[in-house]
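Chains as they are written, first to last, in the working numbering: chain Z, 11 to 700; chain U, 356 to 458.
See structure below.
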Amino acid sequence: MEKLLLLTPLIPIFPLLAFVIIIFGANKNNKLSAWLAIGGIGLSTLTSWLVIAGTIMGGHHVQAEGWRLPIPWMPTGEIVFNMGVGVDGFTAAMLFMVPLVCLLIFIYASEYMEGDPRYARFFAYVSLFAFGMLTLVIADNLLLLFMAWEVMGLCSYLLIGFWFEKTSAKRAGLKAFLTTRIGDVLLFAGMLILYSYTRTLTFHELFKPETLEMLSGTMMWGIPVSALISLLVFGGAVGKSAQFPLHVWLPDAMEGPTPVSALIHAATMVSAGVYLVARMLPLFAIVPDGALRWVAIIGAITAFFGATIGIAQNDIKRVLAYSTISQLGYMMIALGLGGFLAGVFHLLTHAFFKALLFLGSGSIIHAVEHGAHHVNDHHTDPQDMMNMGGLYGRMKRTAWAYFFGTAALIGIFPLAGFWSKDEILAEAWLQWQEAGFMSLPFWAWLAGTLGAFLTALYMGRQIGLVFFGKPRTEAAAHAQEPGNRMTIPLLVLAFFAATLGFINVPFIKGGWLHHFAGEVHAASHALHLEAIPFQVSVAVVSSIVALGGFFLGWAMYRNLKAGQQDPLEKMLGPVFTVLKNKYYVDELYTAIFIKPTVKLATLCAKFDYDWVINPIVNTVGRIGVVSAIISAKFDEIVIDGLGVLGTARFFKWTGKELRLTQSGQVSNYLLTIALSSLTLVGMYLFFIRM
Amino acid sequence: MTIPLSWWLISATALFSIGLYGVLSNKNAIAILMGLELMLNAVNINLVAFGRHITPLEVTGQIFAIFVIAIAAAEAAVALAIIIAVYRQRTSINVEQLDSMRF
Chain Z
11 MEKLLLLTPL IPIFPLLAFV IIIFGANKNN KLSAWLAIGG IGLSTLTSWL
61 VIAGTIMGGH HVQAEGWRLP IPWMPTGEIV FNMGVGVDGF TAAMLFMVPL
111 VCLLIFIYAS EYMEGDPRYA RFFAYVSLFA FGMLTLVIAD NLLLLFMAWE
161 VMGLCSYLLI GFWFEKTSAK RAGLKAFLTT RIGDVLLFAG MLILYSYTRT
211 LTFHELFKPE TLEMLSGTMM WGIPVSALIS LLVFGGAVGK SAQFPLHVWL
261 PDAMEGPTPV SALIHAATMV SAGVYLVARM LPLFAIVPDG ALRWVAIIGA
311 ITAFFGATIG IAQNDIKRVL AYSTISQLGY MMIALGLGGF LAGVFHLLTH
361 AFFKALLFLG SGSIIHAVEH GAHHVNDHHT DPQDMMNMGG LYGRMKRTAW
411 AYFFGTAALI GIFPLAGFWS KDEILAEAWL QWQEAGFMSL PFWAWLAGTL
461 GAFLTALYMG RQIGLVFFGK PRTEAAAHAQ EPGNRMTIPL LVLAFFAATL
511 GFINVPFIKG GWLHHFAGEV HAASHALHLE AIPFQVSVAV VSSIVALGGF
561 FLGWAMYRNL KAGQQDPLEK MLGPVFTVLK NKYYVDELYT AIFIKPTVKL
611 ATLCAKFDYD WVINPIVNTV GRIGVVSAII SAKFDEIVID GLGVLGTARF
661 FKWTGKELRL TQSGQVSNYL LTIALSSLTL VGMYLFFIRM
Chain U
356 MTIPLSWWLI SATALFSIGL YGVLSNKNAI AILMGLELML NAVNINLVAF
406 GRHITPLEVT GQIFAIFVIA IAAAEAAVAL AIIIAVYRQR TSINVEQLDS
456 MRF
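This is the structure we're talking about:
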């Protein structure tokens, strides 16, 4: 069983190999590239299952305390930095979800991306993306986690801007990169502070009680270091997991190809933020009413706020994007209230049904695009739900998979979302009962329940608009179900979306996942690690809310005619406009951050080009040119003219004159010798003897 | 009584000057060679005279003179050989015509 765990470091290697081979070798061959990527992630999936089997066989010891393979990295004298991999129950749970969802998405993408000029490159990027996420999950220390985190940041940039011919896609990629960068910087700052106090970044060493006590006992700028670090780490998670106020990149990330959206929203990217908070939860929890409170507050705001925007979007993928933001908010609520497992459970189930919904939407878009081609229509936006309608009859497989995803998302008994979302709401509910009315858990519960209603409403609206009624455009009327490589992953995901909830049903031994992954942080006393009993009242309330919202949405939109006004718009009026414009957050950021930055940059450019730097540079340049000219003249006249050529000319002239003395007459020479000798002797006598 | 040194020197100078005149004024290479011999012998007289005058007990001057005579003989031999060679080529030993080493 230990031997199975030794396979752990191999898990991320396969996608990395696929990436390298595609980039350096196989990029000319589309089919091979796709198979390499699928094969890489497939091997990862198999290896992951072996590792999970090892974890299950390892029993409580491995699941709670974890198995670690430390790898010394850059040993310098006394300081040895261990950068290893580790597996515990939590990691194993993630290892079940990440590679499997990635695999299904890759298979789906192999058909979806067909005909794209950069098909091979796409698979290289997604492989690298999967490598990043898998490394992040198995990292046993913050530094390796951070590296993987950055790899994902890069991949998200590359993939969101994959169709960079479109200006909007290019900008979306940049926006995602820059927005998450804010979080990354915060996380990095947190890591630096953490390392400066503890001299280690390995999780199990950080979470030793004495280390945590030291961190919470030491003050920095008037607050405990642990709180400061937690908030910085949470900042990183806010960026990566698109929490308010750094959520703006996620909806724009819809510019990428749909499989990428599924990848980012389900298996990788956004899960990373939640994973990080869950992993670092003991540090958050060590200060009572400290950082955790903020996690819950941000989560509650995001859960509600994301859901409200979702009801007013017309782009099928944007609705899902806001849904993701909102669902991530739920996970943050759970983590913020100390409910480690509730958050993790929702993370796992959400990954499956959100991947399903995204792939389903991709398949719908694909179908509508196909229909648009069929009727030679190149103006209809294939992502706009107002252009769809009546698709149920044309694509039954996708529709049924989509229904399952929707039911799981809005929490219909007994699908996955019901159990996981319910656990979060139950957690909040129980804490509310203890803490009293108007307390934080109450607000969290309220935000969650209202969010659940809105979730059901926008999903009802979406289903009504997309699948029911009459086709509102010719394109939708000619939509066609895509092939097996796209629909089979949908059905597999639908199976998991329906059944995954059972791994943590409270009736069976108080939740299986609880025993498997829930004891990772057993050492931390501030967390609510015991299984939460099933709360009938919560379940009833959320079920009523979900069904009510869904039928409301479905009924309002099911028979919408082409060109008809949005019924919600009629009802809500200006509120709807605000929601449609996403509370003007983008505009606000443009006004507050982007415009001043651009202004500042313009000023700097002026400073550079017109005012100071360039004139100085130019003057220096001109001085150089002038002095070079002078120096050249000096060379020409003095050095060449007088020095080199002058000397030569002098000797040439003297030689020419003096050679006349060489008459060839021996007597002349002899006479010269005689006279010279006489002169010398004479001079000797005259000067020396005197 | 001995002949005073100055007499020897005056006669040697006279001999040298005659030799020099012969060298400078003659056009015949053999005559020039003869002038050279006179100049060498004038030097020999000087050497012997000074030797006798400065170190009467030793014979350094005489020995030096013998060396000069020997070298002069060698020189005469070489010079005559050259002259013969020149004559064979040019059928003349007039030095005025031997000016091929000018510029």
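Idealized CB from N, CA, C, for every residue including glycine.
From a predicted model like this one, the values you see are computed outputs, not experimental measurements.
- When Cβ pairs closer than 8 Å are counted between the two stretches, the region 687-696 of chain Z is seen not to touch the region 365-375 of chain U, the count staying below three.
- Contact with chain U is found for G674 of chain Z, since one of that chain's Cβ atoms lies less than 8 Å from the residue's Cβ.
- At the C-beta level, T359 of chain Z and L510 of chain Z come within 8 Å of one another.
- With contacts defined as CB atoms closer than 8 Å, V515 of chain Z and D432 of chain Z fail to qualify as a contacting pair.
- Around the CB of G651 of chain Z, fewer than 16 other CB atoms lie within 10 Å, so the residue is classed as exposed.
- For G479 of chain Z, the closest alpha carbon among the candidates Z:A601, Z:F517, Z:W564 and Z:G227 is that of Z:W564.
- L450 of chain Z and R568 of chain Z have their C-alpha atoms spaced approximately 38 Å apart.
- Proximity of chain Z to E451 of chain U at the Cβ level (cut-off 9 Å) is accounted for by Q675, V676 and S677, in chain order.
- When C-beta distances to chain Z are compared with 7 Å, the residues of the region 365-386 of chain U below that value are L375, V378 and L379, in chain order.
- Membership of I89 of chain Z in the beta strand (DSSP E) is indicated by the continuous run I89 to N92.
- For P19 of chain Z, the three-state secondary structure derived from DSSP is helix.
- Taking all protein chains shown into account, D194 of chain Z has 16 or more neighbouring C-beta atoms within 10 Å of its C-beta and is therefore buried.
- The beta carbons of G399 of chain Z and L475 of chain Z sit closer together than 8 Å.
- For L79 of chain Z, the three-state secondary structure derived from DSSP is strand.
- When rounded, the separation of the alpha-carbon atoms in H376 of chain Z and Y402 of chain Z is 15 Å.
- Under the three-state reduction of DSSP output, V30 of chain Z falls in the helix class.
- Contacts with chain Z (Cβ-Cβ distance below 7 Å) from the region 391-423 of chain U involve no residue at all.
- The distance from the Cβ of T497 of chain Z to that of T416 of chain Z is about 17 Å, inconsistent with a contact at the 8 Å cut-off.
- The C-beta of S361 of chain U comes no closer than 8 Å to any C-beta of chain Z.
- Against chain Z, the CB of R443 of chain U has no partner CB under 8 Å away; the residue lies outside that interface.
- A straight line joining the alpha-carbon of V329 of chain Z with that of Q337 of chain Z spans about 12 Å.
- The beta carbons of G316 of chain Z and A466 of chain Z sit about 14 Å from each other, so the pair does not count as a contact at 8 Å.
- By the CB criterion at 8 Å, A684 of chain Z and L375 of chain U fall inside the cutoff.
- What S455 of chain U touches in chain Z, judged by beta-carbon distance under 9 Å, is G674, going in chain order.
- DSSP places A486 of chain Z within a helical segment (H, G or I) once states are collapsed to three.
- Neighbours of L681 of chain Z across chain U, judged by C-beta separation under 8 Å: L379.
- Counting only runs of 4 or more residues that sit fully inside the region 372-420 of chain Z, the alpha helix (DSSP H) segments are 406-420, in chain order.
- In this structure, L79 of chain Z lies near G96 of chain Z, with their beta-carbon atoms less than 8 Å apart.
- Taking the Cβ atoms as the reference, P19 of chain Z lies roughly 10 Å from L144 of chain Z, outside the contact range of under 8 Å.
- Residue pairing by DSSP puts T86 of chain Z in a beta bridge opposite Z:I89.
- Non-local beta-carbon contacts of R404 of chain Z in its own chain, meaning distances under 6 Å to residues more than five positions away in sequence, involve A489 in chain order.
- For A684 of chain Z, the C-beta contacts it makes with chain U under 9 Å involve L375, V378 and L379, in order along the chain.
- With the rule of 3 Cβ pairs closer than 8 Å, the region 152-159 of chain Z does not count as touching the region 265-281 of chain Z.
- By the CB criterion at 8 Å, G94 of chain Z and L14 of chain Z fall outside the cutoff.
- Contact annotation: S137 of chain Z and R495 of chain Z have beta-carbon atoms that are not nearer than 8 Å.
- For V284 of chain Z, the enclosing alpha helix (DSSP H) begins and ends at M279 to R289.
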